[in-house]
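Student:
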Amino acid sequence: MLLKLPQLRIFCALVETGSVVQAAKKMHCVPSNISTRIRELEESLSVALVNRDKQRLTLTPEGRAFYPQAQQLLKQSEECLHFFKPESLQGHLRIGALDVALNSRLQQIMIGFMQRHPDVTVSLSSHSSLPLMDSLLAGEVDMVLVDGPVEHPVLGSRLFGPESLSLVTHCATMEAFIEQVSQLTLYTFGEHCFYHVVIEDWLAAQQLESRQQCDIESYSLILGAIRQQLGFTVMPQSFIENNDEVKGLYCYPLTTASSCDIYLVWHRYSASPVEKAFLSVVNEVVPPLQG
């Protein structure tokens, strides 16, 4: 049987007042209720806590040993009641993000949030968009930064930052790429990567088809293969800019491809003060679009 807090309170009141009658007055109940709750507590513990002497109340050795334990449990329960103090947020915020979203803007937001709410534990993990969305819907993370826009009946979202994709190849012109694409390998981060879906749709719209497709979760390895004229890939512009690994290769913006702007997504009906506080910091750093 599980211990109940009212039983512990009555036991402590009995010890502290020294009689059933006085304990009943302190707990605002009848004496018989005190006796019943003490008996229930003893049954739960399978041990006698008090000596039932008509002359006076005394504790058994077990009762004397249990009293400080009961006091400690009551103190902890009181602390739990005041755990979520209005002036100090408590909680564990789990955020999932695309690699390309781990930029200075996100760093500024997270550092600002942690400085403002030091009692909140923050976890950050990285993955591609589709697994991140699955984790959000499964309740494994609280918020995600993914390719968007995102439309879902139970999810809320807002633009976090613009993003565009470019085709990366060794071909000096788009005409040369079109001529060679059937002999080249398409390198992607796998079928769960949103960019994989975008480039496949773009190739189909251009009536183009690669020789084969390979999943390699390393941009460095992919770029090395492209440099050896083995294939091509698609990369976000934010990764390409100021990236020395891309130098010497050719990048062609996919202006007709699907949007891949980065969106912050969360559960629309969440009432979590921690999540609302994080959104507040996001809105300060990245003001919502008007209109």
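Convert by adding 202 to the 1-based position in the sequence shown; the result is the number in the working numbering. Ideal Cβ placement from N, Cα and C applies to all residues, glycine included. These figures come from a predicted structure and were not determined experimentally.
Between the beta-carbon of L369 and the beta-carbon of V436, is there less than 8 Å?
Tutor: For L369 and V436, yes; Cβs fall inside 8 Å.
Student: Which residues does DSSP list as the beta-bridge partners of N253?
Tutor: N253 pairs with T260.
Student: In terms of alpha-carbon separation, which member of D446, Q439 and H398 lies closest to E419?
Tutor: Checking every option, the nearest Cα to that of E419 belongs to H398.
Student: Quick check on P364: does DSSP put it in helix, strand or coil?
Tutor: Here P364 sits in coil by DSSP.
Student: Can you tell me the Cβ-Cβ gap for G363 and R307, rounded? I've got them flagged as a contact below 8 Å.
Tutor: About 6 Å; that satisfies the 8 Å criterion.
Student: Compare the Cα-Cα distances from Y465 to each of P490, A406, I442 and L216 and report the closest residue.
Tutor: It is P490.
Student: List the residues that DSSP assigns as beta-bridge partners of Q385.
Tutor: BP columns for Q385 are empty, so no partner.
Student: State the Cα-Cα distance for the pair Y269 and D321, rounded to the nearest angstrom.
Tutor: So the alpha carbons of these two residues sit roughly 32 Å apart.
Student: Measure the alpha-carbon distance for S460 versus S366 and round it to whole angstroms.
Tutor: Those two C-alpha atoms are separated by around 9 Å.
Student: Got a sec, what are the start and stop residues for the beta strand (DSSP E) Q408 sits in?
Tutor: Careful: Q408 lies outside any beta strand (DSSP E) and carries neither H nor E.
Student: If we count Cβ pairs, one from each stretch, closer than 8 Å, do we get three or more for the stretch 466–475 versus the stretch 407–417?
Tutor: Output reads no: the stretch 407–417 does not touch the stretch 466–475.
Student: Using the rule of at least 16 other Cβ atoms within 10 Å of the residue's Cβ for burial, across every protein chain shown, is T260 buried or exposed?
Tutor: T260 is exposed by the Cβ-count criterion.
Student: Buried or exposed for A378, please, with buried defined as at least 16 other CB atoms from any protein chain shown within 10 angstroms of its CB.
Tutor: Exposed is the call here.
Student: For the alpha helix (DSSP H) holding S331, just list the boundary residues, first then last.
Tutor: Where S331 is concerned, the enclosing alpha helix (DSSP H) stretches over S331 to L339.
Student: Check for me: the alpha helix (DSSP H) holding Q317 runs from which residue to which?
Tutor: Where Q317 is concerned, the enclosing alpha helix (DSSP H) stretches over S306 to R318.
Student: Whole angstroms is fine: what's the gap from R360's alpha carbon to L347's?
Tutor: Roughly 10 Å between the two C-alpha positions.
Student: Within the same chain, show all residues whose beta-carbon is closer than 8 Å to that of Q414, passing over the 5 residues directly before and after it, in chain order.
Tutor: If we look at Q414 and ignore the five residues flanking it on each side, its Cβ neighbours are T387 and L388.
Student: Give me, in chain order, the residues of the same chain whose beta-carbon lies closer than 6 Å to that of V343; leave out the 5 immediate sequence neighbours on both sides.
Tutor: Cβ within range, chain order: R296, G298 and S337.
Student: What ranges does the alpha helix (DSSP H) occupy inside the stretch 221–246, keeping only unbroken runs of at least 4 residues that lie completely in it?
Tutor: The stretch 221–246 contains these whole alpha helix (DSSP H) runs: 222–229.
Student: Quick one: grab the DSSP three-state call for L283.
Tutor: L283 falls in the helix class under three-state DSSP.
Student: By how many angstroms is the C-alpha of F315 removed from the C-alpha of E486?
Tutor: Taking the straight line from one Cα to the other gives about 11 Å.
Student: Give the secondary structure of Y471 by DSSP, where H, G and I count as helix, E and B as strand, and everything else as coil.
Tutor: If DSSP states are grouped into helix, strand and coil, Y471 belongs with coil.
Student: Spell out the partners DSSP gives Q415 in its beta bridges.
Tutor: According to DSSP, which records beta bridges pairwise, Q415 is partnered with L388.
Student: Between E280 and the rest of its own chain, which residues show a CB-CB distance below 7 Å, the 5 nearest in sequence each way excluded?
Tutor: Cβ within range, chain order: n/a, list empty.
Student: Would you give the residue range spanned by the beta strand (DSSP E) that G350 belongs to?
Tutor: From DSSP, G350 is part of no beta strand (DSSP E); its letter is neither H nor E.
Student: Are the Cβ atoms of V302 and P438 separated by less than 8 Å?
Tutor: Contact: yes.
Student: Should G493 go down as buried or exposed, given a rule of 16 or more other Cβ atoms within 10 Å for buried?
Tutor: Annotation note: pLDDT 44 at G493 (below 50); position unreliable, no value reported.
Student: Of the choices H319, M345, H372 and Q317, whose alpha-carbon is the least far from that of S327?
Tutor: Closest option to S327, Cα to Cα, is M345.
Student: Please report the distance separating the alpha-carbon of I212 from that of H230.
Tutor: For I212 and H230, the distance between alpha carbons rounds to 11 Å.
Student: Where C214 and P475 are concerned, what is the direct C-alpha to C-alpha distance, given to the nearest angstrom?
Tutor: Taking the straight line from one Cα to the other gives about 36 Å.
Student: Which residue wins for smallest C-alpha separation from G426, given the options Q224, L251 and T371?
Tutor: Comparing Cα-Cα distances from G426 to each of Q224, L251 and T371, the minimum goes to T371.
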